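Take a look at the structure below.
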Amino acid sequence: QKKVAEQKKVAEQKKVAEQKKVAAPKKMAAPTPKSPVAKQRRSPPSSRRDQTGSGEDPRTEDVRDKATALRTALERGDAQDLLEAASSAQLALAFRDSDAMIGLSPVRTELLDELEGLVVQALEAARDRGGPTFALAGAQLLWRDRRQSTATACARLVDAALGHDPFGEAAYLRALLSFWGHGAEQSHADAILWHRKAAAAGHPEASFELHAMYAQGIGTDADPSESHSWLVRAAERGNARALANLGGMYFTGNVVERDVGKGISYYQRAAEAGHGRAAAVLGVVYARGDDVSADDDKARTFFSLAEELGFDWETLAEAQGLKPERYVTN
Numbered sequence: 300q301k302k303v304a305e306q307k308k309v310a311e312q313k314k315v316a317e318q319k320k321v322a323a324p325k326k327m328a329a330p331t332p333k334s335p336v337a338k339q340r341r342s343p344p345s346s347r348r349d350q351t352g353s354g355e356d357p358r359t360e361d362v363r364d365k366a367t368a369l370r371t372a373l374e375r376g377d378a379q380d381l382l383e384a385a386s387s388a389q390l391a392l393a394f395r396d397s398d399a400m401i402g403l404s405p406v407r408t409e410l411l412d413e414l415e416g417l418v419v420q421a422l423e424a425a426r427d428r429g430g431p432t433f434a435l436a437g438a439q440l441l442w443r444d445r446r447q448s449t450a451t452a453c454a455r456l457v458d459a460a461l462g463h464d465p466f467g468e469a470a471y472l473r474a475l476l477s478f479w480g481h482g483a484e485q486s487h488a489d490a491i492l493w494h495r496k497a498a499a500a501g502h503p504e505a506s507f508e509l510h511a512m513y514a515q516g517i518g519t520d521a522d523p524s525e526s527h528s529w530l531v532r533a534a535e536r537g538n539a540r541a542l543a544n545l546g547g548m549y550f551t552g553n554v555v556e557r558d559v560g561k562g563i564s565y566y567q568r569a570a571e572a573g574h575g576r577a578a579a580v581l582g583v584v585y586a587r588g589d590d591v592s593a594d595d596d597k598a599r600t601f602f603s604l605a606e607e608l609g610f611d612w613e614t615l616a617e618a619q620g621l622k623p624e625r626y627v628t629n
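Heads up, the sequence shown is in the working numbering, so the first residue is 300 and it goes up one at a time.
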């Protein structure tokens with residue numbers, strides 16, 4: 300009996316061993332850091348690296364893609380294709396400028412330099428294929444980011460746009476280049492000349508800049524009368540800053556005879572033109588009842604508009620002794 304029991308025990312052990320042998324999975328090598336599997340496990344599922352399997356930094360891939368798009372546009376695109384490809388690439392370059400601020404390692408400098416060079420080529424090709432309108436659009440694109448490395452190209456494009464400038468946009472940009480010395484010799488006197496040309500074509504921002512320069516004596520002798528004249532012209536052309544400045548002048552009686560009604564009217568026009576501070580000032584005026592009947596509903600309306608326009612009206616209200624929570628709209 301003892302022998303039979305031992306035989307049964309051995310048989311059971313063999314059976315269990317056979318079952319384990321069948322059930323055991325094949326042993327797999329652990330992924331190494333160079334393994335695509337390991338990279339996929341370390342990267343977020345949404346990473347472009349997972350989707351492409353190339354193992355290249357998605358930012359680098361994006362730069363390469365933008366460069367390819369520019370080459371394609373240069374080869375067979377029209378002026379609009381070139382402008383759109385350049386705009387997309389310029390945006391990518393702007394994002395790469397911010398990489399260090401958020402702790403990302405930089406993309407290779409030679410790739411970024413190549414992309415920037417292609418942007419300039421594309422914008423100059425757009426000028427050649429599309430004329431002054433596209434020259435101006437290209438100059439405005441380069442001016443937006445104000446890279447010193449593309450300053451000369453920006454000035455070339457502006458000069459190409461001056462030949463057909465019915466609204467003074469090219470002259471206005473040329474004035475800014477002269478004022479700041481961006482791609483051109485810095486000259487405040489030249490800036491005034493170009494602003495005058497732009498203003499003669501009806502450019503509202505050029506008119507406002509002339510107001511500011513004559514007020515402060517920049518590039519010319521200070522001339523309050525000339526400054527005010529340009530301010531009025533800028534306001535008549537819908538410049539929000541000019542409208543707000545005139546609102547302040549009439550409301551306080553500074554430079555002009557005090558007229559609260561005109562002051563409020565100019566402030567309201569400025570707010571409607573997108574001037575957040577003007578909207579906030581009107582909110583304070585109606586909340587406090589300064590020379591008008593106090594009206595909390597109007598105050599809330601203007602404070603709400605100021606917030607929509609991105610202005611911190613609560614800080615202004617607190618500085619004027621108001622409690623912002625009273626004017627918050629749900």
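Where a beta carbon is used, it is the ideal one built from N, C-alpha and C, also for glycine. For clarity, every value in this text was computed on a predicted model and none was experimentally measured.
Rounded distance between the beta-carbons of residue j and residue i, thought under 8 angstroms
i: Val559; j: Asp596; result: Contact flag wrong, Cβ pair sits at about 20 angstroms.
i: Leu422; j: Gly437; result: 3 angstroms
i: Leu456; j: Ala424; result: In fact, because the Cβ distance is near 11 angstroms, the residues do not count as touching under 8 angstroms.
i: Tyr549; j: Arg536; result: The Cβ separation is near 18 angstroms, so there is no contact.
i: Ala533; j: His510; result: 6 angstroms
i: Glu504; j: Tyr471; result: 6 angstroms
i: Gly575; j: Leu608; result: 3 angstroms
i: Ala469; j: Leu435; result: 5 angstroms
i: Ala569; j: Gly546; result: 6 angstroms
i: Ala474; j: Ala490; result: 5 angstroms
i: Leu369; j: Ala399; result: Their Cβ separation, rounded to whole angstroms, is 24 angstroms, which puts Leu369 and Ala399 out of contact at 8 angstroms.
i: Ala288; j: Leu476; result: Here the chain has residues from 300 to 629 only, and residue 288 is not among them.
Same chain only: Cβ atoms within 7 angstroms of residue i, ignoring 5 sequence neighbours per side
i: Ala598; result: Gly582, Tyr585, Ala586, Tyr626
i: Asp361; result: Ala391
i: Ala366; result: Glu413, Leu414, Leu417
i: Ala450; result: His481, Gly482
i: Ala372; result: Asp380, Leu381, Ala384, Ala421
i: Ile517; result: His487
Three-state secondary structure (DSSP) of residue i
i: Arg532; result: helix
i: Arg265; result: Limits of the chain in this structure are 300 at one end and 629 at the other, which puts residue 265 out of reach.
i: Pro465; result: coil
i: Thr359; result: helix
i: Lys622; result: coil
i: Asp677; result: There is simply no residue 677 to check, as the chain begins at 300 and stops at 629 in what is shown.
i: Glu484; result: coil
i: Ala521; result: coil
i: Thr403; result: Here residue 403 is Leu; the residue named in the question, Thr, does not match the sequence. Leu403 falls in the coil class under three-state DSSP.
i: Gly547; result: helix
i: Thr628; result: coil
i: Ser386; result: helix
i: Ser477; result: helix
i: Gly437; result: helix
i: Asp364; result: helix
i: Ser526; result: helix
Residue i: first and last residue of the uninterrupted alpha helix (DSSP H) it sits in
i: Asp377; result: No alpha helix (DSSP H) contains Asp377, which DSSP labels as neither H nor E.
i: Ala425; result: 408–429
i: Arg587; result: 575–587
i: Asp595; result: 595–607
i: Glu617; result: 612–618
i: Ser571; result: Note that residue 571 is Glu in the sequence shown here, rather than Ser. Counting along the chain, the alpha helix (DSSP H) containing Glu571 begins and ends at 559–571.
i: Ser506; result: 503–515
i: Gln487; result: According to the sequence shown, residue 487 is His rather than Gln. Counting along the chain, the alpha helix (DSSP H) containing His487 begins and ends at 487–499.
i: Thr451; result: 450–460
Cβ neighbours of residue i in the same chain (closer than 8 angstroms, five flanking residues each side left out)
i: Ala322; result: Per-residue confidence for Ala322 stands at a pLDDT of 39, beneath the threshold of 50, marking its modelled position as unreliable; no derived number is given.
i: Ala521; result: Tyr513, Ala514, Gln515
i: Lys333; result: Caution is warranted here: a pLDDT of 34 is assigned to Lys333, below 50, making its placement in the model unreliable, and the coordinate value is therefore given only provisionally. Nothing listed; no residue qualifies.
i: Ala618; result: none
Nearest to residue i (by Cα), restricted to the options the options
i: Gln379; options: Ala505, His494, Gly620, Gly430; result: Gly430
i: Phe478; options: Glu525, Ala572, Trp493; result: Trp493
i: Ala579; options: Leu604, Met400, Ile563, Glu571; result: Leu604
i: Thr628; options: Leu530, Leu615, Thr600; result: Thr600
i: Asp444; options: Phe507, Phe394, Ser486; result: Phe394
i: Asp464; options: Leu615, His502, Gly552, Pro623; result: His502
i: Asp356; options: Asp611, Arg446, Arg407, Asn544; result: Arg407
i: Gly573; options: Asp594, Gly588, Leu542, Thr551; result: Leu542
i: Gly482; options: Ala577, Ser448, Asp611; result: Ser448
i: Ala593; options: Ala577, Leu621, Glu571; result: Leu621
i: Gly376; options: Arg428, Trp612, Arg495; result: Arg428
i: Leu403; options: Tyr566, Thr359, Ala388, Ser528; result: Thr359
i: Leu410; options: Gln439, Arg495, Ile401, Asp364; result: Asp364
i: Glu571; options: Gly588, Val554, Val555, Phe602; result: Phe602
Test: residue i CB closer than 9 angstroms to a CB of chain D
i: Ala366; result: The question asks about chain D, but that chain is absent: this structure has only one protein chain.
Sequence-distant residues of its chain with Cβ nearer than 6 angstroms to residue i (five each side left out)
i: Asp611; result: none
i: Ala497; result: Gly467, Ala470, Tyr471, Ala505
i: Arg347; result: Caution applies to Arg347, whose pLDDT of 36 falls short of 50 and renders its modelled position unreliable; the model cannot decide the point.
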